[in-house]
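S.K.: Its first residue numbered 59, the sequence shown is counted upward by one per residue in the numbering used here.
Glycine included, C-beta positions come from ideal geometry on N, C-alpha and C.
I'd like to ask you about the structure that follows.
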Amino acid sequence: MKRFLAVGAVLIFLFLPSLSNFFFSDDWFHLRISRINSVGEFIDSFSFSRTAQFAGSYAYRPLSTQTFFFIFQSIFGLNPFPYHLFSLITFVITLYLLHEVVMEMSNNKKMALISVFAYGVSATNFTRLYYISAFQEVLMVALLVGAILIYLRSFRVGGGSRGYIAVYVIFILSLLSKETAVVFPGILFLIDWWKQRISIKRLVPFIIVALVYSYFRFVKLGSITGESYIWDFSLKKAGNSLMWYGFWSLGAPEFFMDYVSSGLRVLPRFFVDFASWAYVIIFLLVSLSLGFVGLVARRFMTYWKTIILGGGLFIGGLLPVIFLPWHKFTLQLGLPMVGVALIFGVLLKKRSFIAYSFALGYVALNVLSNVLYLSHNYTVGRADLSYRVYEYYVKNYPTPPRGSYFEFVNDTTDYGKQWGSSKQIAQATSSSNMFKVLYNDPNYEVYFEDYPGPRPSNERKIEVSTKMFTQ
59 MKRFLAVGAV LIFLFLPSLS NFFFSDDWFH LRISRINSVG EFIDSFSFSR TAQFAGSYAY
119 RPLSTQTFFF IFQSIFGLNP FPYHLFSLIT FVITLYLLHE VVMEMSNNKK MALISVFAYG
179 VSATNFTRLY YISAFQEVLM VALLVGAILI YLRSFRVGGG SRGYIAVYVI FILSLLSKET
239 AVVFPGILFL IDWWKQRISI KRLVPFIIVA LVYSYFRFVK LGSITGESYI WDFSLKKAGN
299 SLMWYGFWSL GAPEFFMDYV SSGLRVLPRF FVDFASWAYV IIFLLVSLSL GFVGLVARRF
359 MTYWKTIILG GGLFIGGLLP VIFLPWHKFT LQLGLPMVGV ALIFGVLLKK RSFIAYSFAL
419 GYVALNVLSN VLYLSHNYTV GRADLSYRVY EYYVKNYPTP PRGSYFEFVN DTTDYGKQWG
479 SSKQIAQATS SSNMFKVLYN DPNYEVYFED YPGPRPSNER KIEVSTKMFT Q
C-alpha cells in the first residue's frame, strides 16, 4: 500500500494544475441545463424525452452530467476548483481499483504497480482531468473498473449473488454516465474466457440491458448528428483510427495527428512549431512502437491470454467510436487504456534491458506530452479564453444592458474564414450558454460575426472586441 500511495502522490502532482482550469465550451451548456428547480425537472434529466434538461442526441449522460453539475453548482456555484477536485479524486479511486484488479488477476504487486503507473502517467488523461465535462468519462471508467473487480472476486468466493447484483447495478449506473459503457458485456465475456469459465447464461441479463438501453438511446433519441459525427465503416479508416489510438496510448501528443499527412509523412511545420522537441517526440514514438512489438513477440507465448485480454479491452473499448474517423480524441481512451495498462504490467514485470528502456521511454514521452499540453491543448487555451470573457462581463456588465445586444466582432489578425476570432470566442463560451448562466436567463442570446443570421431589429448593437481576449 505504501508503494501505491507513493505512485498515487506522483500522479496527483502531475495533474495538480488541472484544479485551476476554468469552465469552457460544453461546461457552460451543462451548467445551463443542470439548473434544476424541481423534483420533476430532476427526473426529466433521466428521461429519454426532449425536455429542458435534454443534453442532445449525442449525450444521454444524466448521472455524470446533469446530476454532477446540478449538485456541484448548487453547492459551489461557478467555482471550478471543487468540480476538478472531485474528478481528480475519482481518478485516484480508479487507480486504486485498477491496482486491486491486477492483484486479483496476478497476485503480483510489481505488475499491479506498473499497470497503475502506466495508466496514471498517460498523457491521455490530460483532457479528461482538465475538462470538467469529461467527468462523464472519468466516472464511467471508475464504475466499470470497480465492476470488473467485483466480478473477478465473485469467482474467488464462489460467485455469490450479492456480487453479481452489484455488478449489474454498477453497469446500469455506468450507462447513465456514458454510452460507451455498452461494451461491458463483451468485457465480461473476455474475463470469462480468461478465467476459462464462460457462461452465456450469466451474461444474458447484461446483454438484455445493453440492448434495451441501445434501443432507447439510439432509436428513441435519434442518431448522433454533427460535422464530426459521420459514420464510416471502411476498414481502412477504422485501421487508421486504431493506429492513432495506439500511438496516443504510447504517449504521442494528440496534436501530433494534425502534423501528419497520408503515408505517415510528418509535415515540415511540425519542426517549425516544436523545434527540437519534434525530433524527441518522433524518436520516442518510433522507439516505443518497435519496443512494444518486440516485447509482445518475446513474451506472447508465456502471457498470451493476458495480452489477448488486454488487447480485447483496448479494441472493445474503442468499438463505439472506431467508425467515427472525424471524431478521434484521446478523451475516448479512458476505458481502452485499462487494457493497455494490463498489457504493460505483464510485459514489464520481468527485468530486462528492453523492458527498462521501454518503461523509461514511455514515462519520458508521456511526461513530455503532458508538459506540452499546458501550452498546446485546447482544454487550457479555451479555458483561459473563457475566463477572460467571463471576468470582463462580471466586471463591466454584471447585469445585461436593456435594449441592447452583444456581438463579438473580428478585429484581430485574420484567422481565415474557417476560424475567425469571434468563432474562437463562441467555442470557448459555448456560444450564448456562458451568458445564459451568468445572467440566469435561458433565453439570453449574444452574437458572433462569424455566425451570420438575424439580429434583434429593435435593439442597439454593442460591438465587443475580440482582440482584448485573443491577443
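What residues in its chain sit with their C-beta under 6 angstroms from that of A181, if we drop five residues either side in the sequence?
M.R.: G309, N424, S427, N428
S.K.: Helix, strand or coil for R323, going by three-state DSSP, please let me know.
M.R.: strand
S.K.: From which residue to which residue does the alpha helix (DSSP H) around I151 run?
M.R.: 138-164
S.K.: Let me know the alpha helix (DSSP H) ranges lying completely inside the segment 359-395, each 4 residues or longer, listed in chain order.
M.R.: none
S.K.: L382 CB to nearest chain D CB: under 8 angstroms?
M.R.: Absent from the structure: chain D. Only one protein chain is present.
S.K.: How about G221 and S212: do their beta carbons lie closer than 8 angstroms?
M.R.: A contact, by the Cβ cut-off of 8 angstroms.
S.K.: With 16 other CB atoms within 10 Å as the buried threshold, where does K530 fall?
M.R.: With the chain covering 59 to 529 only, the question about residue 530 has no answer from this structure.
S.K.: Can A486 and S444 be called in contact, C-beta distance under 8 angstroms?
M.R.: Taking 8 angstroms as the Cβ cut-off, A486 and S444 qualify as a contacting pair.
S.K.: If you draw a straight line from the C-alpha of V329 to the C-alpha of W335, how long is it?
M.R.: Note that residue 329 corresponds to Phe in the displayed sequence, not to Val. Answer to the nearest angstrom: the Cα atoms are 8 angstroms apart.
S.K.: In angstroms, rounded to a whole number, what distance separates the CA positions of F106 and Q124?
M.R.: 13 angstroms
S.K.: Quick check: V196 and G66, are their CB atoms within less than 8 angstroms of each other?
M.R.: No, the pair does not count as a contact, with Cβ atoms beyond the cut-off.
S.K.: What residue range does the beta strand (DSSP E) around I520 cover?
M.R.: 518-523
S.K.: Restricting to runs no shorter than 4 residues, where is the alpha helix (DSSP H) found entirely within the segment 420-491?
M.R.: 436-454, 479-487
S.K.: Is L371 near I245, with beta carbons less than 8 angstroms apart?
M.R.: yes
S.K.: Our contact map puts V447 next to M492 with C-beta atoms below 8 angstroms; I'd like the distance itself, whole angstroms only.
M.R.: 7 angstroms
S.K.: By Cβ distance below 8 angstroms, which residues in the same chain neighbour I266 in space, the five residues on each side in sequence not counted?
M.R.: Once the five neighbours on either side are set aside, I266 has no close Cβ partner at all.
S.K.: Can you tell me the Cα-Cα spacing of E449 and A117, whole angstroms?
M.R.: Each residue's alpha carbon lies about 29 angstroms from the other.
S.K.: Which residue from V351, P311, S319 puts its Cα closest to that of F332?
M.R.: P311
S.K.: Excluding five sequence neighbours on each side, which residues of the same chain lie with their C-beta closer than 6 angstroms to the C-beta of M315?
M.R.: W302
S.K.: Counting pairs of Cβ atoms below 8 angstroms between the segment 163-181 and the segment 119-136, do you hit three or more?
M.R.: no
S.K.: Over what stretch of residues does the alpha helix (DSSP H) that includes P557 continue unbroken?
M.R.: Examination of residue 557 is not possible in this model, given that the chain is present from 59 through 529 alone.
S.K.: For my contact list, L546 and L77 are in at a C-beta cut-off of 8 angstroms; report their separation, rounded to the angstrom.
M.R.: No information on residue 546 is available, as it lies outside the stretch 59 to 529 that the chain covers here.
S.K.: Name, in chain order, the residues that DSSP records as bridge partners for I318.
M.R.: The residue you asked about is not Ile; residue 318 is Val in the sequence shown. Bridge partners of V318: V324.
S.K.: What residue range does the alpha helix (DSSP H) around R409 cover?
M.R.: Neither: R409 is in no alpha helix (DSSP H) and is coded neither H nor E.
S.K.: Classify I384: buried if its beta carbon has 16 or more other beta carbons within 10 angstroms, exposed otherwise.
M.R.: Here residue 384 turns out to be Trp, not Ile, going by the sequence shown. By the 16-neighbour rule on beta-carbons within 10 angstroms, W384 is exposed.
S.K.: Restricting to Cα atoms, I'd like to know which of G397, Y505, Y455 is closest to S307.
M.R.: Taking each of G397, Y505, Y455 in turn and checking the Cα distance to S307, the smallest one comes out for G397.
S.K.: Once DSSP output is grouped into helix, strand and coil, what is the label at F506?
M.R.: strand
S.K.: With a cut-off of 8 angstroms on the beta carbons, I'd call I366 and V354 a contact; round off their distance for me.
M.R.: Their Cβ separation, rounded to whole angstroms, is 11 angstroms, which puts I366 and V354 out of contact at 8 angstroms.
S.K.: Can you give me the start and stop residues for the alpha helix (DSSP H) that Y177 sits inside?
M.R.: 167-179
S.K.: So, is D84 buried or exposed, given that buried needs 16 or more other C-beta atoms within 10 angstroms?
M.R.: buried
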